[in-house]
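In full-length UniProt numbering, the protein residues as written are 580 to 860.
Reviewing the structure listed below.
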Ligand code: C2E
Ligand code: MG
Ligand code: MG
Ligand code: MG
């Protein structure tokens, strides 16, 4: 009986695995087609200066416009693209599109702003990242100093020496570097100062706790203080209330992003906001 049960277990397990492997294969194929057919779109979320409440930059956030499923969020297909090796091509498309859009806004005479692009772990490890980045900058006519890349702490910590070399090459091009989701990884102070970093983005999980959560409050204060000492700028992510905004401004946080100011929006809507050029929300 036990043997029979064991066998059933194995069969069940492998059938489940097969189903998942099959699903993964189908999704990979769909993602491949999506790249060929350009089914991706970038939305842009404003980053607001906490002195003026005006837009100083945007972060490009990719979405998949799936013919049947509608807008698919990046949390589902970025990890897939990392596993199946399509992240290089997707990442390249994101760079190209973000640069193209930034130049298009500039050509429309809109106030100049920073464009932040997220880089994934595997993409960050790819040898040709630097070549591609500089090619996209050159061919678009984008100012390197208007471009930011966002990486996470774990990407710096996995292979610190290599990460430092990559980031130094990025910084030499004139592109600024932001550490995304800051506070959730395990980087130490002493490490941070060895990297050519310009911005820390306080993770939404801490901002979410403000103002009530005393731990979150202490952590955000500590991050802002540390950033000041290291001459880094601080951006708070996930700001959803006026109280959070006021508290962050009072703490000396430089910029903020979040639904309180604006959700990620299509390019045309951002152009409208830039044209109005008034404080958000
Ligand atoms: P992230 O870079 O930390 O981006 C912030 C995420 O938080 C975005 O989700 C944004 O829509 C969401 N968000 C912003 N403000 C608020 C708020 O006030 N409340 C709440 N609840 N959420 C807020 P999204 O667009 O789904 O992106 C999720 C993650 O996917 C990003 O996290 C980033 O890691 C990754 N991602 C997005 N676009 C790209 C891309 O082009 N390339 C790569 N490699 N990764 C990307
Ligand atoms: Mg980001
Ligand atoms: Mg973030
Ligand atoms: Mg985040």
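Glycine included, C-beta positions come from ideal geometry on N, C-alpha and C.
Beta-carbon gap between residue i and residue j smaller than 8 Å
| i | j | result |
| --- | --- | --- |
| residue 728 | residue 696 | yes |
| residue 730 | residue 758 | yes |
| residue 842 | residue 680 | no |
| residue 756 | residue 780 | no |
| residue 660 | residue 650 | no |
| residue 764 | residue 805 | no |
| residue 619 | residue 642 | yes |
| residue 782 | residue 761 | yes |
| residue 812 | residue 770 | no |
| residue 723 | residue 734 | no |
| residue 836 | residue 654 | no |
| residue 609 | residue 694 | no |
| residue 593 | residue 663 | no |
Closest Cα partner of residue i within the set the options
| i | options | result |
| --- | --- | --- |
| residue 810 | 776, 793 and 735 | 776 |
| residue 685 | 849, 857, 714 and 859 | 849 |
| residue 622 | 703, 614, 676 and 798 | 676 |
| residue 748 | 774, 760 and 671 | 774 |
| residue 858 | 834, 714, 805 and 847 | 834 |
| residue 632 | 846, 851 and 840 | 840 |
| residue 798 | 778, 827, 639 and 844 | 827 |
| residue 708 | 786, 674 and 694 | 674 |
| residue 791 | 817, 655 and 823 | 823 |
| residue 788 | 817, 706 and 801 | 817 |
| residue 706 | 628, 746, 694 and 796 | 746 |
| residue 704 | 596, 740, 687 and 694 | 740 |
| residue 611 | 801, 645 and 846 | 645 |
| residue 647 | 596, 613 and 688 | 613 |
Sequence-distant residues of its chain with Cβ nearer than 7 Å to residue i (five each side left out)
| i | result |
| --- | --- |
| residue 807 | 831 |
| residue 582 | For residue 582, the pLDDT reaches just 48, beneath the cut-off of 50, and the residue's location in the model is therefore unreliable, leaving the point undetermined. |
| residue 580 | Low local confidence applies: a pLDDT of 46 at residue 580 is under 50, so the model's placement there is unreliable, and no value is given. |
| residue 820 | 839 |
| residue 690 | 853 and 856 |
| residue 844 | 622 and 623 |
Contact test: residue i Cβ vs ligand 2 heavy atom, cutoff 7 Å
| i | result |
| --- | --- |
| residue 732 | no |
| residue 782 | no |
| residue 862 | As displayed, the chain neither begins before 580 nor continues past 860, which places residue 862 out of reach and without an answer. |
| residue 759 | yes |
| residue 536 | Residue 536 lies beyond the range of the chain shown here (580 to 860); nothing can be said about it. |
| residue 644 | no |
| residue 729 | yes |
| residue 638 | yes |
beta-carbon residue i near ligand 1 non-hydrogen atom, thresh 7 Å
| i | result |
| --- | --- |
| residue 691 | no |
| residue 699 | yes |
| residue 620 | no |
| residue 843 | yes |
| residue 670 | yes |
| residue 657 | yes |
| residue 838 | yes |
| residue 648 | no |
| residue 860 | no |
| residue 790 | no |
| residue 762 | no |
| residue 626 | no |
| residue 702 | yes |
Same chain, Cβ closer than 8 Å to residue i, neighbours up to 5 away in sequence not counted
| i | result |
| --- | --- |
| residue 671 | 711 and 715 |
| residue 692 | 634, 635, 636, 637, 681, 684, 725 and 853 |
| residue 744 | none |
| residue 732 | 758, 760, 761, 763, 764, 765 and 766 |
Sequence-distant residues of the same chain with beta carbon closer than 6 Å to residue i, five excluded per side
| i | result |
| --- | --- |
| residue 666 | 660, 699, 701 and 702 |
| residue 713 | 752 |
| residue 851 | none |
| residue 678 | 715, 719 and 721 |
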